Structure formats: structure tokens, C-alpha cells
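Chemist: So in our numbering, spot 47 of the sequence shown is number 36, and the numbers just go up one at a time.
Note that the Cβ used here is the ideal one computed from N, Cα and C, for glycine as well.
On a predicted model such as this, the values are computed, not experimentally measured, just so you know.
Take this structure, written in C-alpha cells, and hold onto it; I'll ask about it next.
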Amino acid sequence: MSSASDQCSPLPPALDGLTVLDVSRVLAGPYCSMLLADLGATVVKIERPPCGDDTRAWGPPYLGDRDLGLSA
């Protein structure tokens, strides 16, 4: 006799097989692409040459010797 767990196979991710072309810049667009990838989509990110996404040049959120805590 087999158990129910022996008969069930895991479901593929919700967006498995979907390919997303990401040409967005800065925060909201890349964040959305990350969420789509987390749900199983293949994300291809296109960045502008020669420097890539603007956020690559941003540093950590520091002001002098203090950390900045930001929330929206």
C-alpha cells in the first residue's frame, strides 16, 4: 500500500517556462523582475552600456558614520 506522499509530485513554480525580458531601470522594475524570477520565470536583464543599471553605482545607505533606516 502506498501513501499519498508517494503518489504526489511537487508542482512546478507558477511561472515556470515563462521568459521575461527586463529593460527596466532603478528600483521598481528590477524588483518586479526579481519577484517574477522568484515565481519561476527566466528573467533576461538588458542594461545600458557601458555602465549598466543606475543602482550599481549606489552605495550602502550610510550618512557619515550612521546607518540610515528607510521605510516606505
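1) Taking DSSP as the reference, what is the three-state secondary structure of D27?
2) With a threshold of 16 other CB atoms inside 10 Å of the CB of S22, please say whether the residue is buried or exposed.
3) Which residue wins for smallest C-alpha separation from A63, given the options L4, S(-2), L24?
4) Which of helix, strand or coil does DSSP assign to D11?
Modeler: So, from the listed chains and residues:
1) As a working mapping, residue 27 is identified with position 38 in the sequence shown. Reduced to three states, the DSSP call for D27 is helix.
2) Mapped onto the sequence shown, residue 22 falls at position 33. Classification of S22: buried, given that the 10 Å Cβ count is 16 or more.
3) Look at the range of the chain in this structure, -10 to 61, and you will see that residue 63 is not part of it.
4) To locate residue 11, count along the sequence shown from 1; it is residue 22. Here D11 sits in strand by DSSP.
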